[in-house]
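This report refers to the structure that appears directly beneath it.
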Amino acid sequence: MLHTDSETLKILITALLIPFLGTTIGSAFVFFMKKEIKPGVEKALMGFAAGVMIAASFWSLLIPSIEMGADKGNWAVFPTTAGLLAGFAFLLLIDYITPHLHPDGSKEGPRSRLSKTAMLGLAVTMHNFPEGMAVGAAIAGFMAGSADISLGAAVTLAIGIAIQNIPEGAIISMPMRSAGNSKLKSFVLGSMSGIVEPIGSVVVILLASITLPAMPYLLAFAAGAMLYVVFDELIPEAAGGKHSHLGIIGFALGFTLMMVLDVVLG
Numbered sequence: 151m152l153h154t155d156s157e158t159l160k161i162l163i164t165a166l167l168i169p170f171l172g173t174t175i176g177s178a179f180v181f182f183m184k185k186e187i188k189p190g191v192e193k194a195l196m197g198f199a200a201g202v203m204i205a206a207s208f209w210s211l212l213i214p215s216i217e218m219g220a221d222k223g224n225w226a227v228f229p230t231t232a233g234l235l236a237g238f239a240f241l242l243l244i245d246y247i248t249p250h251l252h253p254d255g256s257k258e259g260p261r262s263r264l265s266k267t268a269m270l271g272l273a274v275t276m277h278n279f280p281e282g283m284a285v286g287a288a289i290a291g292f293m294a295g296s297a298d299i300s301l302g303a304a305v306t307l308a309i310g311i312a313i314q315n316i317p318e319g320a321i322i323s324m325p326m327r328s329a330g331n332s333k334l335k336s337f338v339l340g341s342m343s344g345i346v347e348p349i350g351s352v353v354v355i356l357l358a359s360i361t362l363p364a365m366p367y368l369l370a371f372a373a374g375a376m377l378y379v380v381f382d383e384l385i386p387e388a389a390g391g392k393h394s395h396l397g398i399i400g401f402a403l404g405f406t407l408m409m410v411l412d413v414v415l416g
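Plus 150 on top of the position in the sequence shown (first one is 1) and you've got the numbering used here.
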C-alpha cells in the first residue's frame with residue numbers, strides 16, 4: 151500500500167509538476183530568441199539533455215530496480231532486464247506506428263500527410279510520456295516505503311528531467327515558430343507538450359498502488375523508454391551535421407550535473 155504524510159505529499163505533488171515547469175520555461179524562450187536556434191547551440195542542448203537522461207536512468211531507476219530484488223540473489227536482475235527490454239520494445243512499437251518529426255523537420259512514419267505541427271505534437275508526446283513514467287515510478291517507490299528510493303532521489307529525478315526539459319521546450323517551440331505560428335501559439339503548444347509528463351507519472355503511481363511487486367519492472371521499464379529516446383532522438387541530433395564537439399561537451403555537463411544532484415539530494 152502506498153503511504154505518506156501530508157507534508158511529504160505536498161513535496162511529491164510539486165515533484166510531479168516540476169518537469170512540466172521545465173518544459174514551460176524552455177518554451178518561453180520563443181519570446182526572446184530568433185526564429186531558429188543555431189546548429190551549434192542545438193547540438194549542445196541535445197547533448198546536455200542526453201547526459202541528464204542517461205544519468206537519471208541509471209542512478210534513479212535501474213540501480214534501485216536491481217536493489218529492490220536483492221533478496222532474490224542471482225534472480226534480482228531478471229525484473230530489471232525484463233522491464234528494461236519492455237521499455238525499449240514499447241517505444242520501438244510507438245515509434246513504428248506513429249508519424250515522426252525530427253527537430254530538423256524531416257518526417258518518418260506511415261501518416262506523413264499530417265501537418266508539421268500535428269506530427270511534432272505526436273513526436274513530443276511519445277518523447278515526454280516515458281519521462282513522466284520515470285518520475286512516477288520513483289515517487290511510487292518512495293511512497294511504497296522502499297529503502298532503495300528516498301524522497302530526495304525522487305525529487306532529484308524530477309529536477310533532472312526538468313533541467314533537460316528546458317532546452318527541449320525551446321527546441322519544440324522554436325520550429326513551430328519557424329513554421330509560421332505566432333510566438334504565443336508556439337509557446338502554448340510547446341508548454342502543453344509537457345502536460346503528458348504528470349499524466350504519465352500518475353498512471354504509474356496508480357499501477358504501483360495496485361501491484362507493488364511490479365515496482366522493479368516499472369522502474370526498469372521507465373529507464374528503457376528514456377534510453378530509447380536518448381539513442382533514437384537526442385544523440386543523433388547532437389552528433390549529426392557538421393562535426394563538432396559541442397554535443398559531447400553538453401553531454402558531459404548534463405551527465406555530471408545529474409550525477410551531482412543524485413549524490414547531494416538522493
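Every residue, glycine too, gets a C-beta built ideally from N, C-alpha and C.
Taking the Cα positions, L369 is about 34 Å away from P189.
M293 sits in a helix when the DSSP states are folded into three classes. The distance from the Cβ of G172 to that of I322 is about 12 Å, inconsistent with a contact at the 8 Å cut-off. Going by beta carbons, I161 and L301 fall inside the 8 Å limit.
In its chain, beyond the 5 residues on either side, I216 have a beta carbon closer than 7 Å to the beta carbon of V227. Approximately 6 Å separates the beta-carbon atoms of S210 and A288; this is inside 8 Å, confirming the contact. The way I'd put it, the segment 301-310 doesn't touch the segment 372-382; fewer than three beta-carbon pairs between them come closer than 8 Å. In this chain, the alpha helix (DSSP H) harbouring P317 covers L301 to S328.
I385 is a Cβ neighbour of A200, given a cutoff of 8 Å.
Rounded to the nearest angstrom, the Cβ distance from L243 to A373 is 17 Å, too far for a contact under 8 Å. In the three-state DSSP reduction, N331 falls in the coil class, being neither helix nor strand. Non-local beta-carbon contacts of E347 in its own chain, meaning distances under 6 Å to residues more than five positions away in sequence, involve P169, F170, N278, E281 and G282 in chain order. Distance check between I316 and each of F238, S336, G340 and L356 places G340 closest, using alpha-carbon atoms only.
By the criterion of a C-beta distance shorter than 6 Å, A364 is surrounded by no residue of its chain, once the five residues flanking it on both sides are discounted. For K193, the enclosing alpha helix (DSSP H) covers residues P189 to A206. S394 carries a coil assignment under DSSP once its states are collapsed to helix, strand and coil. Around the beta carbon of G197, 16 or more other beta carbons sit within 10 angstroms, so the residue counts as buried.
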